[in-house]
Structure formats: C-alpha cells, structure tokens
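With my numbering as the guide, the letters of the sequence shown map in order to residues -6 to 330.
All C-beta atoms, glycine included, are put in the ideal place defined by N, C-alpha and C.
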Amino acid sequence: MSKFARMAAIAAFVAASPLLAIGSPLASLGDVDEARTRGAIVWDVRPAEEYRKGHIPGAVNIGDPTKVLRGTNREEFLPTWKIEAKLGAAGIDPSREIIVYGKRGAPQAYFGRFALRYFSGDNVKVYHDGIDGWAAAGREVGTAATNLQPVALRLNPRSEMTVTTDQVIAAGKSGADPQIVDVRSPDEFSGDDVRAIRGGHIPGAVNIPYELNWRDPKTPAKLARGQVRDNGGMSLNDRTTLEDLYSALDPVKETIVYCQSGTRSAVTAAVLEELGFERVKVYDASWLGYSARLDAPAERESFVNVGLLQGQLRALAGRLEQFERRFGAQMPVAEHR
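This is the structure in structure tokens:
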C-alpha cells in the first residue's frame, strides 16, 4: 500500500469520528454555495478598496489579516485580546462555519484560515479560486458592505498547531529530525535574495515553493508581461499532481512548514492537510524570526551589507530630491508596511 493510500484509509477513519474530524481545508464553488445557504460567515480578506469594488454578497471585510492581525515589525500575532477585539467587532466568530477567500490563490486567504484555526476555529475552509472564480462562474457580485452583529470572543490559541524558534533549534540539536519544508522562492532559499537580517535556510529544509501548488506557477510573471489575460493558472493543481509534488515527504512524520513570516507557509500547510498529512505545523515566525537568532545555524548563510544598503538609499533619496526640484512638486510619501 502506498503512503498516500495508507493515509487515505486513516483519513476515512478520522472523518468518521466527530471528535477528530475538521473536514477538508479547501472549499469548492459548490461548497461556498452550500455554506452560504447554511448561514456561514464569508470573510473577504482583500484590501477594503477591492472589497468595495465587488465581493461575494454577504461577505464581511476587515482588510488583509496579515496586517490587521499582526504587528508590523516582527509580523507576529497581536496579543490575543486585540485579536478578540478586532474579530469580535466584525462579528467573525471562529466557532462558526466560515469560508475565507481573496483573489485566486491568495496566501492571505490561507493565512486567514490558519489564524481562525489557531484561535480555536474548527469549521473553516479556504475558497482558493476566490473572487475571480466566483465571478468567472457567473455568480452575483455585490458592492453593499455587510456588517455582522459584534460578538464577545474569548479565544484560546492552539499552540500545538505551531512551533517556536526555540523548538526548531532544539529539534535540530536533538536529532528529532522533523520534515522541514521551506516554501519561499529558490533565491530566498539559496541566500541570494535576503529579506531579513540573514539570508539562507534552516538546515535540512527542502525547498518546495508554494507557487508549485498552482497549475502554472509562472502566471504572475506572465500577467506582468501580458502573456496571459487572467490568473486562471493560479488555480490549485489536481490531487494527483499535488501528491507527486510532495511524494518525497512522509505523511505520518511531523512536518514543519515555513516561509518569510508565516503567510505563504499557510498555503502549503493547508494543501498538506488536504493530502492527509497528520502532523503539519506552521513555523509562524518563519525565516524572519529564525534569522534574527544568530545562534541558530543556517545553510547558505548570507548577511545584509548595511553600509551598501544605506549608500543605495541615500543615492535614491538624492535622485528623488532632484526629481522634485525639476518638476517643482513634492512627491507623495508612500506608506511602508
């Protein structure tokens, strides 16, 4: 019996147990229709301006959860009481059935699901094709904002869904040997693209970029070059293709998934759950947190040249100043997050 056949049998047993079953993390278009009929909460995780232009009727919006529910520096979850206040004010109760969506393939939707699951939600699914799939299917697109009844929340974080930096370091030292999946780009993994205090990756990690879950991982680049007209290539691969993608991993073994700050890793974590992996954990602090611990070993380690970076920033500031003087107007200040 193959690994995935064995896991399918286990999954069938789990699904039969009401105490253990959480169901598929993924929702089809039909699932969304049925959930709406049952009165499920539909959470649109796109920016407010996109929500206002058109959304699934009845969907609620509080902005991008990777920004709304996390701090701006370390990109870790806000204190639980703040999460309770933000979700509660919007009527987003993790104890209810919830469908989360954004644009097709948006990691923010998967992070929204991860956040709700982490804060004790059991019946939460991601609609991967999002507003694009909804509109393409000819479904009604609404523009009226939905305001749900506020709810008082008392959330209990599920620490067993995640691992900390200390736990990742300790696992490496003890020889516990969990499977570690790095879902960042190959350049981030190799240390050539440095987005934190250090570049590189966690020793022993395998690099499977999250975009490989899509039918065509090059779709964003093709859109930018005008080679395709829509983001249909960002639809999720079929199950057989996904099983082949992760065939080198053991579905029974503990699997730690990480990226830069825990957003992209939520995508692969959900896909692995869908495939029947039993012990999937998100390393929420991810490379941003790991690289900041200089005692944490890294492979393909590289460092930011702060002096060079400062020089480049000064040069850029000088060019902007010249531009402003030339055109006689002050450039608008961009918001940095």
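Check: Nearest-angstrom Cα separation, counted from residue 316 out to residue 159; Outcome: 48 Å
Check: Residue 306 classed as buried or exposed, judged by whether at least 16 other C-beta atoms fall within 10 angstroms; Outcome: exposed
Check: Collapsed DSSP secondary structure at residue 89 in the structure displayed; Outcome: coil
Check: C-alpha gap between residue 197 and residue 61, whole angstroms; Outcome: 33 Å
Check: In chain order, each alpha helix (DSSP H) run of at least 4 residues that lies wholly inside the stretch 102 to 135; Outcome: 123 to 129
Check: Nonlocal neighbours in the same chain, by C-beta distance under 7 Å from residue 105, ignoring five residues either side; Outcome: 36, 38, 58 and 93
Check: Pairwise C-alpha distance: residue 19 and residue 264; Outcome: 8 Å
Check: Close beta carbons around residue 182, own chain, < 6 Å, minus the five adjacent residues each side; Outcome: 175, 194 and 200
Check: Inter-residue Cα distance where the pair is residue 123 and residue 212; Outcome: 16 Å
Check: Three-way DSSP call (helix, strand, coil) for residue 44 in this model; Outcome: helix
Check: Residue 288, buried or exposed, once every other Cβ within 10 Å from all chains shown has been counted against 16; Outcome: exposed
Check: Outcome for residue 87 when other beta-carbon atoms lying within 10 angstroms are tallied against a minimum of 16; Outcome: buried
Check: Continuous beta strand (DSSP E) stretch holding residue 180: start and end; Outcome: First-last for residue 180: 179 to 183, but that is the alpha helix (DSSP H), not the beta strand (DSSP E).
Check: Cβ contact (3+ pairs, closer than 8 Å) linking the stretch 158 to 172 and the stretch 203 to 222; Outcome: no
Check: Proximal residues to residue 51 (C-beta, below 8 Å), its chain only, five neighbours per side dropped; Outcome: 29, 35, 135 and 139
Check: Residue 206, DSSP secondary structure in three states; Outcome: helix
Check: Identified DSSP bridge partners for residue 37; Outcome: 54 and 94
Check: Cβ pair count under 8 Å reaching 3, the stretch 250 to 268 against the stretch 41 to 55; Outcome: no
Check: Pairwise C-alpha distance: residue 304 and residue 246; Outcome: 47 Å
Check: Backbone CA spacing between residue 233 and residue 298 [nearest angstrom]; Outcome: 44 Å
Check: Closest by C-alpha distance to residue 132, when choosing among 26, 312, 282 and 314; Outcome: 26
Check: Inter-stretch contact at 8 Å, needing at least 3 Cβ pairs: the stretch 213 to 224 / the stretch 260 to 280; Outcome: no
Check: In chain order, each alpha helix (DSSP H) run of at least 4 residues that lies wholly inside the stretch 226 to 257; Outcome: 232 to 238
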